[in-house]
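*Asks:*
Numbering (the numbering used here), first residue to last: 93 to 494.
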């Protein structure tokens, strides 16, 4: 017999002369006579028990598994538990929690979840012969918000300063976010200003400020007295301003590959070495390592949340594109380097990982309808509203989890 133990989201409906679908209270059976196999689904959202007392009170018993006797009869068991642990108010299915000899009203839900899993794990270790019964755990099935909740976002960041740091793709994301927030509350007063390479958008109602600082390499470009521009791979002069922020979202990639008249440096300086040029991916990685060292040594990530946008992809030709691509060209080389650097860090940096989802959106660029019109086909930046809105939905979702 095969049993699937969970809080079901999908219930198969099967009926034929060779099968039987049967439901009895919390158990659903599907029987295939030809193969003599049975597939059962048992609803048990917490795995551990919820019992109703004589006075009607519902008690979550963290150390009790009354259903386990039935589970042991199965050949394959697939478990799942998560979503119901976070229900509160009228949806909360217990009034009290019992943990061995202690009874209390409530506790942090992750703590309760872990205690219940430990009870289940102890049962598996002590009661199940895994040479006969195969045990699986489904994992965590994620929820996805169906829309961006701007009011929730503003309240969560009340009194905070959020800064996007990078090139024009950071500007895209900043413009997208400020538009999303304004569209949700168009009567709210706002202050928009610019100071040098930094733009500000503030909502006095919430005390939140959203800034974007144009810094295309993160590391410094310094102009010497003779007019020569030097890319200083081990210098971050803007970092003092970054450290004042509550949330930082970084981005760098596209400008590393500009050559000729568009190349913004004449020489590269690394420590005591100065040279004319080098492999651009190598320079990109060295700059990221300088940034990573700053995060690891200077940033208190319990106070300042650090994000990296990822690598926003170009498309060679987006003219006339009206639908997303059906395939992509594999992992982006910049993405590979970025992930390597992030893995080597000690501090927590949250990668929005926008590359793959954006690679499909060849239809999302301004094309000939952006700045410059038909003189310039823009397959780098993104329409607002558009792809960058999804990046901000990801940002909001991660902020909710940390």
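All C-beta atoms in this analysis are idealised placements derived from N, C-alpha and C, irrespective of residue type, glycine included.
What's the gap between the Cα of residue 481 and the Cα of residue 433?
*Replies:* In a straight line, the C-alpha of residue 481 is about 26 Å away from that of residue 433.
*Asks:* Give me, in chain order, the residues of the same chain whose beta-carbon lies closer than 7 Å to that of residue 143; leave out the 5 immediate sequence neighbours on both sides.
*Replies:* Here the set comprises 151 and 153.
*Asks:* Leaving out five residues before and five after residue 390 in sequence, what residues of the same chain have Cβ atoms less than 8 Å from its Cβ?
*Replies:* Result list for residue 390: 331 and 335, in chain order.
*Asks:* Quick one: grab the DSSP three-state call for residue 456.
*Replies:* If DSSP states are grouped into helix, strand and coil, residue 456 belongs with the helices.
*Asks:* Determine the burial state of residue 181: buried for a count of at least 16 other Cβ atoms within 10 Å of its Cβ, exposed for fewer.
*Replies:* It counts as exposed.
*Asks:* Taking residue 435 as part of the alpha helix (DSSP H), name the residues at either end of that continuous run.
*Replies:* 425 to 435 is the extent of the alpha helix (DSSP H) around residue 435.
*Asks:* Using a Cβ-Cβ cutoff of less than 6 Å, which residues in the same chain neighbour residue 494 once the five nearest sequence positions on both sides are dropped?
*Replies:* Excluding sequence neighbours, residue 494 sits near nothing in its chain.
*Asks:* Alpha carbon to alpha carbon, how far is residue 155 from residue 165? Give it in angstroms, no decimals.
*Replies:* If you take the alpha carbons of residue 165 and residue 155, they lie about 21 Å apart.
*Asks:* Would you kindly work out how many angstroms separate the C-alpha atoms of residue 176 and residue 234, rounded to a whole number?
*Replies:* Rounded to the nearest angstrom, the two C-alpha atoms are 13 Å apart.
*Asks:* Should residue 128 be labelled buried (16 or more other beta-carbon atoms within 10 Å of its own) or exposed?
*Replies:* Counting Cβ neighbours within 10 Å, residue 128 comes out exposed, since fewer than 16 surround it.
*Asks:* Rounded to whole angstroms, what's the CA-CA distance from residue 248 to residue 135? Just pull it up for me.
*Replies:* Taking the straight line joining both Cα atoms gives about 35 Å.
*Asks:* Using the Cα positions of residue 169 and residue 372, report the straight-line distance between them to the nearest angstrom.
*Replies:* Distance between the alpha carbons of residue 169 and residue 372 is about 52 Å.
*Asks:* Where does residue 228 land, buried or exposed, given buried means 16+ other C-beta within 10 angstroms?
*Replies:* Counting Cβ neighbours within 10 Å, residue 228 comes out exposed, since fewer than 16 surround it.
*Asks:* Report the residue from 241, 242, 290 and 225 whose alpha carbon sits nearest the alpha carbon of residue 257.
*Replies:* When each option's Cα is compared against that of residue 257, the closest is 290.
*Asks:* Three Cβ pairs or more, each shorter than 8 Å: is that satisfied between the region 434 to 451 and the region 387 to 403?
*Replies:* Yes, the region 434 to 451 is in contact with the region 387 to 403.
*Asks:* Where are the beta strand (DSSP E) runs, 3 residues long or more, that stay fully inside the region 323 to 354, in chain order?
*Replies:* Counting whole runs of 3 or more residues, the region 323 to 354 contains the beta strand (DSSP E) stretches 339 to 342.
*Asks:* To the nearest angstrom, report how far apart residue 113 and residue 226 are at their CA atoms.
*Replies:* Here residue 113 scores only 46 on pLDDT, less than 50, and its place in the model is too uncertain to base an answer on.
*Asks:* When you compare each of 273, 322, 349 and 392 to residue 363 by their alpha carbons, which one comes out closest?
*Replies:* It is 322.
*Asks:* What do you reckon, are the CB atoms on residue 132 and residue 173 nearer than 8 Å?
*Replies:* Taking 8 Å as the Cβ cut-off, residue 132 and residue 173 do not qualify as a contacting pair.
*Asks:* Among the residues of its own chain, which have a CB less than 7 Å from the CB of residue 370, if the five just before and after it don't count?
*Replies:* Result list for residue 370: 360, in chain order.
*Asks:* Given this structure, state the Cα-to-Cα distance separating residue 395 from residue 338, to the nearest angstrom.
*Replies:* Straight-line Cα distance between these residues: approximately 6 Å.
*Asks:* Does the region 405 to 424 touch the region 372 to 389, meaning 3 or more C-beta pairs lie closer than 8 Å?
*Replies:* The region 372 to 389, when compared against the region 405 to 424, does not touch it at the 8 Å Cβ threshold.
*Asks:* Could you give the distance in angstroms between the alpha-carbon of residue 194 and the alpha-carbon of residue 303?
*Replies:* The alpha-carbon atoms of residue 194 and residue 303 are separated by roughly 50 Å.
*Asks:* Between residue 201 and residue 207, what straight-line distance do the alpha-carbon atoms span, to the nearest angstrom?
*Replies:* When rounded, the distance between both Cα atoms is 10 Å.
*Asks:* Here's a check: name, in chain order, each residue in its chain whose Cβ is nearer than 6 Å to the Cβ of residue 253, leaving out the five neighbours to either side.
*Replies:* For residue 253, where only same-chain residues beyond five positions count, the Cβ hits under 6 Å are 301, 337 and 338.
*Asks:* Mapping DSSP to helix, strand and coil, what is residue 274?
*Replies:* In the structure shown, residue 274 sits in a helix (DSSP, three-state: H, G or I).
*Asks:* State the Cα-Cα distance for the pair residue 211 and residue 492, rounded to the nearest angstrom.
*Replies:* Cα-Cα distance, rounded: 29 Å.
*Asks:* Use the C-beta contact count for residue 314: other C-beta atoms within 10 angstroms, 16 or more gives buried, fewer gives exposed.
*Replies:* Classification for residue 314: exposed.
*Asks:* Just how far apart, CA to CA, sit residue 328 and residue 157?
*Replies:* Answer to the nearest angstrom: the Cα atoms are 57 Å apart.
*Asks:* Can you check which of these residues, 250, 217 and 424, is closest to residue 345 by C-alpha distance?
*Replies:* When only C-alpha atoms are compared, the closest one is 424.
*Asks:* Taking the beta strand (DSSP E) that residue 443 falls in, what are its first and last residues?
*Replies:* Residues 441 to 443.
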